[in-house]
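Chemist: All letters in the sequence shown, in the order written, are residues 31 to 486 by the working numbering. Can you keep this structure in mind? I'll have questions shortly.
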Amino acid sequence: MPSVSTGAPTTVGAATVPSTATAASDPDSGAAASSASSSASTGSAASFDSFASSSALRRMRLALFAAGVATFALLYSTQALLPALSAGFGVTESRASWTVSAATGALALFVLPLSALSERFGRRALMTGSLAVAVVVGLLVPFAPDLGWLVALRAVQGAALAGLPASAMAYLAEEVRPKALVAAIGLFVAGNSVGGMSGRIVTGWVAQLWGWRAALGAVGLLAVVCAVIFRVLLPKARNFTPRSVSPRSLARTVGGHLADPLLRRLYAIGALFMTVFGAVYTVIGYRLVEAPFSLPQGIVGSIFLVYLVGTASSAAAGHLVARLGRRGALYLAVGTTTAGLLLSLADTLAAVLPGLVLITAGFFAGHAVASSAVSRTAKTGRAQASALYQSAYYLGSSAGGTLGAVAFHAGGWAATVLLGLAAVLGVVSITLYGTRCARLERRRLSAATATATAGS
């Protein structure tokens, strides 16, 4: 999933911090709010000032930008190559889609455990180890002898990559003074977005010239360069204090979040939005290389430039919430996504491309609204609440990619669109149910207030 600056607090993995746009607007980029604020309060003011006033801050920002590029270039490296993988291995769309779903699914499962490990062994150590493993696997991926090996390697790669989002935000919150934090996070988020988009575009064009193995090798080499930059530039942590996180306390916190009805609804909304997005962008390559479009692999990879629309729509999410409320903004996101899905059914690029723009804009807006609401809803353990949102989000990506490919194999693009519409209907149903619950709660409080007033 591409990360983009949305404006409200940003959480990746275990840490929650204000995002780049927070100073300018309001929305959100990943999941939201304040464990990083408390982390940032640790350490002395002198430590913050020394980091912020020296070249160390610039090195730190560039290091994490490079880490962001490597992480998301590797994570989605096979998505633009799925038609080539199907042809190369002689497999169906649904089987090839596991090269994406295995990576995102493994990342979803390992975000929470690795965030806990970073508390014990340090953010810098965990990020370094995670990126090293992911890069080594990335260099092995082009040599996978069959699809089974490729899927297995991608799963290992996804699990390793979970250590980056689980630690990067917490590292910044602990090492950078609050005034410099927004800019530092902004560069990391920009790296995520650039990596996710460039990985797909690079693989598309290289595959067109030299095949999919060369394309994956090119992404692996890009990740090596980024990993070296990261390791050379990233300063040692000055304010980290090791803490042991007992499985029992972690389970208690996670259980408390899962018992909260509103958080459960927000997790489901994030997963369903990502199901739509994962299905569409996993399958769209197959549709565009076939008749009546018959586009070359390089052009198909360049379609992912549409992701840039997400930057604008997610940045606008805060303004939408301010004007329409959270539920109103979600309804608008759902309507935009639905319009895009229906428009994409046409057999002309003049309709399909605007359809993708609307789907992308609706997805990023909905994701921004839901993820920012997580931080405002969780009263304690906000880092874990946001990590759970990310887990649900990437599980949705994994499920959407696989189910979208299965639907496409069974019934073509129309079946994939039908899957997307079903997921959108799920978002509407959950939001309507939440509206009803909120209305009943207001009535209950009004009745209780009236009773108390009458009694006095």
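Note that beta-carbon positions come from the ideal geometry of N, C-alpha and C, so glycine has one too.
What is the residue span of the alpha helix (DSSP H) that Phe-323 lies within?
Modeler: Here Phe-323 belongs to no alpha helix (DSSP H), and DSSP marks it neither H nor E.
Chemist: Can you tell which of Ala-138, Cys-467, Glu-149, Phe-393 has the C-alpha that lies nearest to the C-alpha of Leu-270?
Modeler: Correcting the residue type first, residue 270 is Phe in the shown sequence and not Leu. Of Ala-138, Cys-467, Glu-149, Phe-393, the residue nearest in Cα terms is Glu-149.
Chemist: On the premise that Gly-340 lies in contact with Ala-298, defined as a C-beta separation below 8 Å, what is that separation, rounded to the nearest angstrom?
Modeler: Not really, about 21 Å apart at Cβ, beyond 8 Å.
Chemist: State the Cα-Cα distance for the pair Gly-225 and Arg-295, rounded to the nearest angstrom.
Modeler: Rounded to the nearest angstrom, the two C-alpha atoms are 30 Å apart.
Chemist: Is Ser-401 closer than 8 Å to Thr-134 when the C-beta atoms are compared?
Modeler: No, the Cβ-Cβ distance between Thr-134 and Ser-401 is not below 8 Å.
Chemist: In three-state terms, what does DSSP make of Arg-207?
Modeler: Correct three-state label for Arg-207: coil.
Chemist: If you run the structure through DSSP and keep just helix, strand and coil, what is Arg-294?
Modeler: Residue state, collapsed to three classes: helix.
Chemist: If you compare alpha carbons, which of Ala-468, Ala-444, Gly-434 is closest to Thr-122?
Modeler: For Thr-122, the nearest C-alpha among the options comes from Gly-434.
Chemist: My understanding is that Leu-335 touches Met-227, with C-beta atoms under 8 Å, so please give their C-beta distance in whole angstroms.
Modeler: About 7 Å; that satisfies the 8 Å criterion.
Chemist: If I follow the unbroken alpha helix (DSSP H) through Phe-95, where does it start and stop?
Modeler: Taken as a continuous stretch (DSSP letters only), the alpha helix (DSSP H) holding Phe-95 covers 85-105.
Chemist: Going by beta-carbon coordinates alone, are Leu-183 and Ala-174 separated by less than 8 Å?
Modeler: Against a cut-off of 8 Å, the Cβ pair of Ala-174 and Leu-183 comes out as a contact.
Chemist: State the DSSP-derived secondary structure class of Pro-384, mapped to helix, strand or coil.
Modeler: Here Pro-384 sits in helix by DSSP.
Chemist: Excluding the 5 residues preceding and the 5 following Ala-164 in the sequence, name in chain order all residues of the same chain whose CB lies nearer than 6 Å to its CB.
Modeler: The residues are Leu-104, Gln-187, Ala-190, Leu-191.
Chemist: Could you tell me how far apart the beta carbons of Gly-229 and Val-249 are, in whole angstroms, since I believe they sit closer than 8 Å?
Modeler: Yes, they are in contact, since the Cβ atoms of Gly-229 and Val-249 sit about 5 Å apart, within 8 Å.
Chemist: According to DSSP, simplified to helix, strand and coil, what is Val-121?
Modeler: Three-state DSSP puts Val-121 in coil, outside helix and strand.
Chemist: What's the C-alpha gap between Ala-359 and Tyr-463?
Modeler: Roughly 16 Å between the two C-alpha positions.
Chemist: So the candidates are Val-236, Val-284, Ala-267; which of them puts its Cα closest to the Cα of Val-275?
Modeler: The shortest C-alpha separation from Val-275 is found at Val-284.
Chemist: Quick one: measure Cβ to Cβ for Leu-137 and Ala-126, integer angstroms, because I've assumed they're closer than 8 Å.
Modeler: Not a contact, Cβ separation roughly 19 Å.
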